[in-house]
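*Asks:* Here you go, one structure.
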Amino acid sequence: MNGDSWFLDTNVFVYTFDETAPGKRRRARELVAGALESTDAAISFQVLQEFLNVATRKFERPLSADDAGRYLDRVLAPLCRVFPSVDLYHRGLEVAKRWQLSFYDALIVAAAQHAGCEVLLTEDLQDGLEIGELRVTNPFRDLLD
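Residue numbers for the sequence shown follow my numbering, so the first one is 103 and each next one is one higher.
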């Protein structure tokens, strides 16, 4: 990611399994592979929780508990750098108020900032939005699917 530190939102992981959007799936898989090879990528406990919920309950073919556990161990856990704390929740509330974001979007932003990331990869917020030193980038903006 051009030397920047980056935070991956839940949708990046969800797209790695999405057979209906091959371009997004390919891009997401590249991002996750790059994250696992890098020391500059991070996720939070929230991304981990949201992904496991979606993967085991909402996928067209949900992951089994065993498959979800393997994905947790091999992909999510190695990237998880931010865990719940009262300070993180306070920062999330501040971000939500200042930027008029939902609490959960604000908590992702707060986690990315806590991890020291410069880029937040998500399609859930406005591409190009700058929140302090954090820049929101939609990694799928140029794809048609």
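All C-beta atoms, glycine included, are put in the ideal place defined by N, C-alpha and C.
I need the DSSP call for Glu139, collapsed to helix, strand or coil.
*Replies:* Here Glu139 sits in helix by DSSP.
*Asks:* Mind listing, in chain order, the continuous alpha helix (DSSP H) runs of no fewer than 4 residues lying wholly within the region 148 to 232?
*Replies:* If we require 4 residues or more, the alpha helix (DSSP H) runs fully inside the region 148 to 232 come out as 167 to 173, 188 to 201 and 205 to 216.
*Asks:* By the 10 Å Cβ neighbour count, where 16 or more other Cβ atoms means buried, how is Leu223 classified, buried or exposed?
*Replies:* With 16 or more Cβ atoms within 10 Å of its Cβ, Leu223 is classed as buried.
*Asks:* How many angstroms separate the CA atom of Glu162 from the CA atom of Ala135?
*Replies:* Cα-Cα distance, rounded: 23 Å.
*Asks:* Can you tell me the Cα-Cα spacing of Phe185 and Asp142, whole angstroms?
*Replies:* Answer to the nearest angstrom: the Cα atoms are 17 Å apart.
*Asks:* Taking all protein chains shown into account, do 16 or more other C-beta atoms lie within 10 angstroms of the C-beta of Leu270, making it buried, or fewer, making it exposed?
*Replies:* Nothing about residue 270 can be reported from this structure: the residues present for the chain run from 103 to 247 only.
*Asks:* Can you tell me whether Ile133 is helix, strand or coil according to DSSP?
*Replies:* Looking at the sequence provided, one finds Leu at residue 133 rather than Ile. Helix.
*Asks:* Could you say which of His192, Leu150 and Arg183 lies nearest to Arg172 if we only look at CA atoms?
*Replies:* Taking only the C-alpha atoms, the option nearest Arg172 is Leu150.
*Asks:* Where do the ends of the beta strand (DSSP E) carrying Thr239 lie?
*Replies:* Per DSSP, Thr239 belongs to the beta strand (DSSP E) from Leu236 to Thr239.
*Asks:* State the Cα-Cα distance for the pair Leu227 and Asp168, rounded to the nearest angstrom.
*Replies:* Roughly 32 Å separates the two Cα atoms.
*Asks:* Determine the extent of the alpha helix (DSSP H) in which Phe115 is found, giving its start and end residues.
*Replies:* Residues Thr112 to Tyr117.
*Asks:* Going by CA-CA distance only, name the one from Leu174, Asp111 and Glu220 that's closest to Glu235.
*Replies:* Answer by Cα proximity: Glu220.
*Asks:* Per DSSP, what are the beta-bridge partners of Ser146 in this structure?
*Replies:* Val184.
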